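Enquirer:
Number of protein chains: 2
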Amino acid sequence: MKCSHCSRDAVYFQRHSGRHLCKKHFLNDFLKRVKRSIKKYRMIEREERIALAVSGGKDSIVLAHVLSKLYGERRDIELVAITVDEGIKGYRPPTVKIAKSVCKDLSIEHHLISFKREIGMNLDEMVERGERNPCSYCGVFRKYLLNKKARELSASKLATGHNLDDETQTILLNFLQSDIERLARLVPSKVQEGLIVRIKPLREVYEKEVVLYALINNLPLMVDECPYSRTPVRAVVRDFLYEFEKRYPGRKYSVMRSFEALIPCLQSMYPQIRLKRCKVCGEPTPKQVCQACELKMELGILGLHVSDGDYAYKSRQKSSKN
Amino acid sequence: MKCSHCSRDAVYFQRHSGRHLCKKHFLNDFLKRVKRSIKKYRMIEREERIALAVSGGKDSIVLAHVLSKLYGERRDIELVAITVDEGIKGYRPPTVKIAKSVCKDLSIEHHLISFKREIGMNLDEMVERGERNPCSYCGVFRKYLLNKKARELSASKLATGHNLDDETQTILLNFLQSDIERLARLVPSKVQEGLIVRIKPLREVYEKEVVLYALINNLPLMVDECPYSRTPVRAVVRDFLYEFEKRYPGRKYSVMRSFEALIPCLQSMYPQIRLKRCKVCGEPTPKQVCQACELKMELGILGLHVSDGDYAYKSRQKSSKN
Numbered sequence: 020m021k022c023s024h025c026s027r028d029a030v031y032f033q034r035h036s037g038r039h040l041c042k043k044h045f046l047n048d049f050l051k052r053v054k055r056s057i058k059k060y061r062m063i064e065r066e067e068r069i070a071l072a073v074s075g076g077k078d079s080i081v082l083a084h085v086l087s088k089l090y091g092e093r094r095d096i097e098l099v100a101i102t103v104d105e106g107i108k109g110y111r112p113p114t115v116k117i118a119k120s121v122c123k124d125l126s127i128e129h130h131l132i133s134f135k136r137e138i139g140m141n142l143d144e145m146v147e148r149g150e151r152n153p154c155s156y157c158g159v160f161r162k163y164l165l166n167k168k169a170r171e172l173s174a175s176k177l178a179t180g181h182n183l184d185d186e187t188q189t190i191l192l193n194f195l196q197s198d199i200e201r202l203a204r205l206v207p208s209k210v211q212e213g214l215i216v217r218i219k220p221l222r223e224v225y226e227k228e229v230v231l232y233a234l235i236n237n238l239p240l241m242v243d244e245c246p247y248s249r250t251p252v253r254a255v256v257r258d259f260l261y262e263f264e265k266r267y268p269g270r271k272y273s274v275m276r277s278f279e280a281l282i283p284c285l286q287s288m289y290p291q292i293r294l295k296r297c298k299v300c301g302e303p304t305p306k307q308v309c310q311a312c313e314l315k316m317e318l319g320i321l322g323l324h325v326s327d328g329d330y331a332y333k334s335r336q337k338s339s340k341n
Numbered sequence: 020m021k022c023s024h025c026s027r028d029a030v031y032f033q034r035h036s037g038r039h040l041c042k043k044h045f046l047n048d049f050l051k052r053v054k055r056s057i058k059k060y061r062m063i064e065r066e067e068r069i070a071l072a073v074s075g076g077k078d079s080i081v082l083a084h085v086l087s088k089l090y091g092e093r094r095d096i097e098l099v100a101i102t103v104d105e106g107i108k109g110y111r112p113p114t115v116k117i118a119k120s121v122c123k124d125l126s127i128e129h130h131l132i133s134f135k136r137e138i139g140m141n142l143d144e145m146v147e148r149g150e151r152n153p154c155s156y157c158g159v160f161r162k163y164l165l166n167k168k169a170r171e172l173s174a175s176k177l178a179t180g181h182n183l184d185d186e187t188q189t190i191l192l193n194f195l196q197s198d199i200e201r202l203a204r205l206v207p208s209k210v211q212e213g214l215i216v217r218i219k220p221l222r223e224v225y226e227k228e229v230v231l232y233a234l235i236n237n238l239p240l241m242v243d244e245c246p247y248s249r250t251p252v253r254a255v256v257r258d259f260l261y262e263f264e265k266r267y268p269g270r271k272y273s274v275m276r277s278f279e280a281l282i283p284c285l286q287s288m289y290p291q292i293r294l295k296r297c298k299v300c301g302e303p304t305p306k307q308v309c310q311a312c313e314l315k316m317e318l319g320i321l322g323l324h325v326s327d328g329d330y331a332y333k334s335r336q337k338s339s340k341n
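Top to bottom, those sequences are chains A and B.
Numbering-wise, the first sequence is residues 20 to 341 according to the numbering used here.
Numbering-wise, the second sequence is residues 20 to 341 according to the numbering used here.
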């Protein structure tokens with residue numbers, strides 16, 4: 020099959036547009052769409068220092084490659100990468116290696132931080148010691164560390180590799196579970212002191228396009244799934260969206276458009292809360308104590324007694340477990 | 020298996036509540052939930068005359084039976100049934116017979132109106148003559164006639180048999196197709212001159228519960244599908260919701276809750292348009308000419324030339340087709 024734009028062989032059939040694309044036209048189209056999303060949501064403007072969350076998985080590697088391609092030559096825009104090593108035996112070390120090497124190739128300053136050093140405990144140890152599911156610890160601490168590190172690096176934005184498939188799964192999942200508050204959290208946030216604005220430049224490209232972009236550019240594709248990954252309900256939604264998109268190409272975009280249409284409503288239903296400073300660590304939080312410090316206390320990593328009236332940390336500690 | 024509330028044998032396992040129910044407790048629960056929906060949405064209050072749209076299918080038959088049970092003894096509430104015979108050979112006659120006989124048994128005044136007499140043409144003839152899909156003609160003319168007849172009967176509300184499955188399919192379908200305007204149309208409407216407020220008393224009971232209610236009460240179950248029914252995308256959504264509900268019982272309620280949470284937003288995004296009178300037939304419409312009259316003109320049933328500047332009916336007529 021020939022490319023719809025030139026005489027070269029097509030490597031990709033873009034079902035939702037009905038076009039066959041050769042390598043060159045696929046890459047052009049991919050970059051054009053990422054650029055359009057960035058512009059539409061004003062993700063990156065002038066004089067910015069963008070911190071990239073680079074786990075070493077396919078999405079974050081493509082994110083680094085794409086942003087480097089789009090902004091590498093710009094003098095007023097700086098890219099800096101952060102990799103969080105959660106401490107997952109067997110799974111994380113190879114991706115950390117990939118992250119380091121790709122950032123080196125792209126001349127992006129790379130920072131490696133670990134749960135062990137920053138939080139005081141590996142994820143593997145948390146899972147062994149605590150009672151929550153692994154994703155609860157990982158999600159909270161990863162976000163916490165990424166924000167803290169990005170701020171320390173004076174970044175104006177924190178970019179993550181979420182693609183169209185990730186985003187639409189989350190949107191539909193929250194809608195199906197009637198979790199409108201969580202749906203509202205997907206609304207791009209405004210600047211708040213201490214909190215680095217998160218951006219998702221790949222939110223309008225399909226996951227399979229991210230994979231193809233990586234393949235064409237010879238980027239290392241790490242496809243192992245996290246051993247702790249166990250979200251069966253998300254898998255059900257993912258499979259449905261896959262089938263639905265297959266029958267009715269472009270429907271993932273429709274889900275995104277539905278969500279976007281509801282953004283003003285979601286903003287008025289859940290206005291951005293004015294953040295406080297965590298009484299323990301000083302990081303931004305809507306509560307007295309941030310979730311990371313709460314989890315630390317649960318895990319017995321933090322045994323502070325804060326003299327704040329309504330917050331009895333001591334009682335929340337599982338001293339019996341240690 | 021025994022009933023969760025008494026020593027009788029259970030006939031139904033209500034997955035979302037985890038209860039086994041005998042006939043008696045199933046019926047109690049069913050009626051209680053219908054009553055709760057009616058109250059929550061103020062569907063039926065004092066001194067009302069409720070017109071029921073009774074096609075003769077299982078949902079509308081159960082609707083008639085339930086409302087008769089709940090309000091049959093009330094002196095200030097009157098029920099009256101309307102059956103629309105669209106003129107679908109083979110399919111409609113048996114359901115018309117069922118509708119008539121059930122209304123007779125329930126002592127509900129019954130009115131039969133037909134496309135042939137009111138519009139001037141059977142649905143079968145429209146499909147043969149016109150170019151649109153059958154559901155377009157049927158949907159527009161059925162709504163049109165039901166509203167007109169209900170108004171002529173001085174009804175304060177028009178009740179239809181939509182159940183939880185129907186409603187959640189429509190909600191999710193519109194969300195997946197990014198048709199937020201159509202989603203907004205599901206918001207219960209306010210009183211407007213000429214337009215009878217539509218209510219859906221069965222919107223919070225599952226389709227399978229409607230079937231069980233009919234079986235227990237020995238109501239005639241017409242399960243034939245309309246020969247014109249061909250909505251593959253809705254079938255895909257229906258199957259997904261079925262599977263999702265099976266794995267995660269109660270999720271159809273979650274979809275309903277999501278929709279309800281968004282109602283204030285949808286209302287502010289699509290405020291109720293002040294209706295005009297159709298220049299041709301005088302029925303309420305947001306446009307100059309109502310959809311029913313537009314379709315009639317297309318089908319060559321109506322050949323009026325209305326002296327309204329911006330509406331050249333004549334040109335819309337397909338005179339060549341007759």
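The beta-carbon is built from N, C-alpha and C at its ideal position, and this holds for glycine as well.
Because the structure is a prediction, the values reported are computed rather than measured.
CB serine 87 of chain A to CB leucine 125 of chain A, shorter than 8 angstroms?
Expert: yes
Enquirer: Just to confirm before moving on: does the CB-CB distance between valine 210 of chain B and leucine 221 of chain B stay below 8 angstroms?
Expert: no
Enquirer: Starting from valine 255 of chain B, find everything on chain A with Cβ-Cβ shorter than 7 angstroms and list it in chain order.
Expert: The answer, in chain order, is Phe263 and Arg266.
Enquirer: Give the secondary structure of lysine 42 of chain A by DSSP, where H, G and I count as helix, E and B as strand, and everything else as coil.
Expert: helix
Enquirer: Can you have a look at lysine 59 of chain A and say buried or exposed, based on whether 16 or more other CB atoms are within 10 angstroms of its CB?
Expert: exposed
Enquirer: At a Cβ cut of 9 angstroms, what residues of the stretch 281 to 293 of chain A count as close to chain B, listed as they run along the chain?
Expert: Leu281, Pro283, Cys284, Leu285, Ser287 and Met288
Enquirer: Taking 8 angstroms as the threshold (beta carbon to beta carbon), is serine 126 of chain B in contact with chain A?
Expert: no
Enquirer: From the beta carbon of arginine 276 of chain B, is the nearest beta carbon of chain A less than 8 angstroms away?
Expert: yes
Enquirer: Might you give, ordered along the chain, the residues of its own chain that have their beta carbon closer than 8 angstroms to the beta carbon of lysine 54 of chain A, omitting 5 neighbours on each side?
Expert: Leu89
Enquirer: Here's the rule I'm using: 16 or more other beta-carbon atoms within 10 Å means buried, otherwise exposed. How should threonine 179 of chain A be labelled?
Expert: buried
Enquirer: List the residues of chain B that valine 252 of chain A touches, going by C-beta distances under 7 angstroms, in chain order.
Expert: Tyr267
Enquirer: Using C-beta distances below 7 angstroms, list every residue in its chain close to leucine 98 of chain A, excluding the 5 sequence neighbours before and after it, in chain order.
Expert: Ile69, Leu71, Leu86, Ser87, Tyr90 and Ile127
Enquirer: In angstroms, rounded to a whole number, what distance separates the CA positions of aspartate 95 of chain A and phenylalanine 134 of chain A?
Expert: 32 angstroms
Enquirer: Checking contacts by CB at 8 angstroms: is leucine 195 of chain A closer than that to chain B?
Expert: Contact of leucine 195 of chain A with chain B is assigned, a C-beta pair being separated by under 8 angstroms.
Enquirer: If we define contact as Cβ-Cβ less than 8 angstroms, is proline 207 of chain B a contact residue for chain A?
Expert: no
Enquirer: Ordered along the chain, which non-local residues of its own chain (more than five positions away) have a Cβ less than 6 angstroms from that of arginine 27 of chain B?
Expert: Excluding positions up to five away in sequence, the list reads Cys41.
Enquirer: Are the C-beta atoms of serine 273 of chain B and some chain A residue less than 8 angstroms apart?
Expert: yes
Enquirer: For isoleucine 80 of chain B, which residues from the same chain have a beta carbon less than 6 angstroms from its beta carbon, with the 5 sequence-adjacent residues on both sides left out?
Expert: Counting only Cβ-Cβ distances below 6 angstroms, and skipping sequence neighbours, we find Val121 and Leu238.
Enquirer: Where DSSP assigns a beta bridge to isoleucine 320 of chain A, which residues make up the other side?
Expert: Answer is none; isoleucine 320 of chain A lacks a bridge partner.
Enquirer: Whose C-alpha, out of B:Lys176, B:Gly106, B:Thr304 and B:Val224, is nearest the C-alpha of proline 246 of chain B?
Expert: When B:Lys176, B:Gly106, B:Thr304 and B:Val224 are compared, the shortest CA-CA separation from proline 246 of chain B is found for B:Gly106.
Enquirer: Assuming leucine 314 of chain B and tyrosine 156 of chain B form a contact by the criterion Cβ under 8 angstroms, report the distance between their Cβ atoms to the nearest whole angstrom.
Expert: 6 angstroms
Enquirer: Run the CB neighbour count on lysine 333 of chain B, radius 10 Å, all protein chains shown included, and call it buried at 16 or more, exposed below.
Expert: With a pLDDT of 38 at lysine 333 of chain B, under the threshold of 50, the predicted position of this residue should be treated as unreliable, and no value is reported.
Enquirer: Sorry if obvious, but does the Cβ on lysine 265 of chain A come closer than 7 angstroms to a heavy atom of the ligand ATP?
Expert: Absent from the structure shown: the ligand ATP. Ligands present: none.
Enquirer: List, in chain order, every chain B residue whose beta-carbon is nearer than 7 angstroms to that of phenylalanine 259 of chain A.
Expert: Phe259
Enquirer: Which residues bound the beta strand (DSSP E) around threonine 102 of chain B?
Expert: Its beta strand (DSSP E) spans residues 96 to 104.
Enquirer: When you compare only the Cα positions, how much space is there between glycine 269 of chain A and glutamate 137 of chain A?
Expert: 42 angstroms
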